[in-house]
Amino acid sequence: MFSIELDAATEKLLALLEANQYPLPGSVDWTPIPFRSQWGFGTAVCFQVAAAEARSGKQVHVPSRAKEISEHLSRALDPLEGFETIEAANGYINLYINKSVYSNRVVNTVLENATEFGRGEPKDAIVMVEYAQPNTHHSFHIGHARTAILGEALARLVSFGGYPTIRASYPGDIGLGVITCIWAYDRFFKGQEPDGVHERGQWLAKIYTEATRLLTPREDETEEERAQREAYDAERRALYKAWDAGEPAVRELWQETRQWSLDELDAILQILGIEIDVFFFESEVDEPSKRIVDELIEQGIAEDERPEGPVIVKIDEKLGLDQEQYRTAVILRSDGTTLYSTKDLALAKVKFEDYDVDRSIYVVDVRQSLHFQQVFKILELWGFPQAKDCFHLAYGFVTLPEGAMSSRAGNVVLFMDVLEEAERRVQDVIAEKNPDLPGKERDRVVRQVGLGALQYSMLSVDNNKDIVFNWDDALSFEGQSAPYIQNAHVRASSILKRAGEIPEESGFEYEMDPTEIELIDKISQFPSTVQRAAEDYKPLLMATYAYELARTFHLFYHAARVIQADDPAVRASRIRLTAAAKQTLANALALLGIQAPAAM
RNA sequence: GCCCCUGUAGCUCAAUUGGACAGAGCAAUGGACUUCUAAUCCAUAGGUUCCGCGUUCGAAUCGCGGCAGGGGCGCCA
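Residue 102 is where the first sequence starts when you use this note's numbering, and the numbers rise one by one after that.
What follows is the structure, encoded as structure tokens:
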């Protein structure tokens, strides 16, 4: 936001260095000054200059020499267009900006751009984000919610950062797990069907758990039980074969139950505000994916060990690595059936060729790190330049305090159950804090706040760390949480509502409160935070930023009066600042997929 | 045996990518609602950034070596 002024300062600084025959630094970086009683930008170039002198043989003590240089240069720099004061501090050169100028520029920029404030320059590279890919015939649990929430936030950030963005999902709709579920349904529950999209999906998951129990060997099982289990297992295998052969009755059974799961998924994605552009179904990718294996064999990348062994790619050998790192990937079973790797390779080709994807991001759990490293390396060997821009956004597990969640074992915490509990708790808080909130609006706020709390608990932890799910932590409404941020937005809204019209101009030509300066400073960091989060694929940066912005606003709220300010000029400026803060809070929350209520 | 990730306050996590005193929340104690919404704020307390060596003017951050925890390593996904 001050790049023009800072570039000019850099130019003058470099000219001074040259004129005084100081060694030139590689680059001049300006960073915000940490102590913001009055704020500006500082640079550490004098340390670099002093260090360069020391290296060239001069007998200097670097820190004190840096101090000396900074004092000299800061005097010589004065005056500088756009900066009020220039000073040397601890070897740094600090440029302080006129508060009024800076404040007006930030606030005006936000209010002019509104919902577009912070959007990055349009870019060419097409980004595809693949996320929210649960298996069908399971129910959507809190672990699945992590990929959905994380992936959506990432997609929003990348898109807002300026990249054309495609949202993709890759549901696992076939496999032994799916067949197991269908088998049990067909054998024991056929014809039953609970009402309600979520009820039906969850019921299917229970059938799966039950089927797994029936098919898992127990240590103390009797001869009779063992025979029964083996008979069940034979039925299941026969069913899989029948599916594979395309037997109409089995396909129909599969289609019907699959749709129940997809309906539930659809309902949940809608709740989360997710609109997937492309669905790649595993069942549809399966058959065509076999073709790429021949291509890889022909090109000498893969080795065919059939019929004794599978088709493999010796990646380390192909890359000439002497230490094992990517190892050997199996890309087709010896019986010719596909593997996960077969399908991911084929799918990547489709993404590159049919969707013109330049950067392909996979939001998938951390256990598949090696798998993706292998896939990316094979794509590279295969000759796809996009391979270097493939990125596995690995996220840690969501576990329960007592251990891992497992759909098979049935000890899962369902997303819908958590949401329901969240909303119940929000109801209680509203009943206590804001009982006058009208019923219709209240229902909407309950959803926004309850869901927001849940979303934020998934976004405020670094993606590569595990989350131990705990009801009270996940549904905290105090401190670093979505409701805290939403509450800042609500307070700003409340002030603006009472203020009426937003004044056309602000002056900020008075002794500003330190919290006011902090707030403006924080707002000004929003665009660069968007860019960093989008470039580094780190939703966490935005989650942290949103909290810090809210915190800064709460501090301002307590320290400075807005509509109660005595001086009309102060009042006008602060109303505009409040409007800018509200807008930035809303924009930041939107990027996280969290809604910003006007009252709560 | 090899590869990847993690290690920061009692607990959960940050730290503008190598910068100025390492910051928040939760939990604890005390305080602020006749005042723009107290889902807030203020105060007190809490640190050998796992350990060691190195690079650098400067290291939580980079390199090497350890230690601890998690994940993964040819026909699961």
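From the three backbone atoms N, C-alpha and C, an ideal C-beta is built for every residue, glycine too. Since the model is a prediction, treat every value here as computed from it, not as a measurement.
Asked                                                                                                         : Found
The segment 572–592 touching the segment 688–697, judged by at least three CB pairs closer than 8 angstroms   : yes
Boundaries (first-last residue) of the alpha helix (DSSP H) holding Arg652                                    : Pro640 to Ala660
Assigned secondary structure, His173 (DSSP; H/G/I helix, E/B strand, else coil)                               : helix
Whole-angstrom distance between Trp344 and Ala430, CA atom to CA atom                                         : 27 angstroms
Burial state of Lys444, where buried means 16 or more other Cβ atoms lie within 10 Å                          : buried
Straight-line Cα distance separating Thr653 from Glu617                                                       : 9 angstroms
Nearest-angstrom beta carbon gap, Ala681 and Val211 [assumed within contact, 8 angstroms]                     : 4 angstroms
Boundaries (first-last residue) of the alpha helix (DSSP H) holding Tyr585                                    : Ala583 to Ala600
Cutoff 6 angstroms; reference Ala256; Cβ partners in own chain excluding five residues on either side         : Val230, Thr266 and Arg268
Distance, Phe241 Cα to Trp572 Cα                                                                              : 17 angstroms
Residue environment, His659, which counts as buried when at least 16 other CB atoms sit within 10 Å           : exposed
Coil, strand or helix - Ala495 by DSSP                                                                        : strand
Which of helix, strand or coil DSSP assigns to Thr500                                                         : strand
Exposed unless 16 or more other CB atoms sit within 10 angstroms - verdict on Lys291                          : exposed
Residue burial classification, Glu217 (beta-carbon count within 10 angstroms, cutoff 16)                      : exposed
Beta-carbon proximity check, Phe609 vs Leu501, cutoff 8 angstroms                                             : no
Cross-strand partners of Asn195 (DSSP beta bridge)                                                            : Gly143 and Glu188
Beta-carbon proximity check, Asn195 vs Gly143, cutoff 8 angstroms                                             : yes
For Arg460, the first and last residue of its enclosing beta strand (DSSP E)                                  : Arg460 to Asp466
Segment contact flag, the segment 116–130 with the segment 182–196, C-beta cutoff 8 angstroms, min 3 pairs    : no
Three-state secondary structure (DSSP) of Leu433                                                              : strand
Boundaries of the alpha helix (DSSP H) in which Met559 is found, first to last residue                        : Gly540 to Leu560
Identity of the residue in Tyr611, Arg327 and Pro272 nearest Val671 by Cα                                     : Tyr611
Exposed unless 16 or more other CB atoms sit within 10 angstroms - verdict on Ser157                          : exposed
Contact check, His245 vs Ser362, beta carbons under 8 angstroms                                               : no
Beta carbon of Val298 nearer than 8 angstroms to that of Glu376                                               : no
Three-way DSSP call (helix, strand, coil) for Lys415 in this model                                            : strand
Bridge partners - Asp405, DSSP secondary structure assignment                                                 : Val412
Same chain, Cβ closer than 6 angstroms to Ile413, neighbours up to 5 away in sequence not counted             : Glu404, Thr429 and Val431
Nearest candidate by alpha-carbon position, reference Ala285, set Ile187, Ser507 and Ala306                   : Ala306
Contact check, Thr313 vs Thr358, beta carbons under 8 angstroms                                               : no
Every unbroken beta strand (DSSP E) within the segment 232–317, with a cutoff of 3 residues, ordered by chain : 266–270
As assigned by DSSP and simplified to three states, the class of Pro698                                       : coil
Residue closest to Ile372, alpha-carbon to alpha-carbon, out of Ala635, Gln549, Thr630 and Asp637             : Gln549
Contact check, Asn236 vs Pro272, beta carbons under 8 angstroms                                               : yes
Proximity test, Asp108 beta-carbon vs the ligand SAM heavy atom, cut-off 7 angstroms                          : This structure does not include the ligand SAM; it has no bound ligands of any sort.
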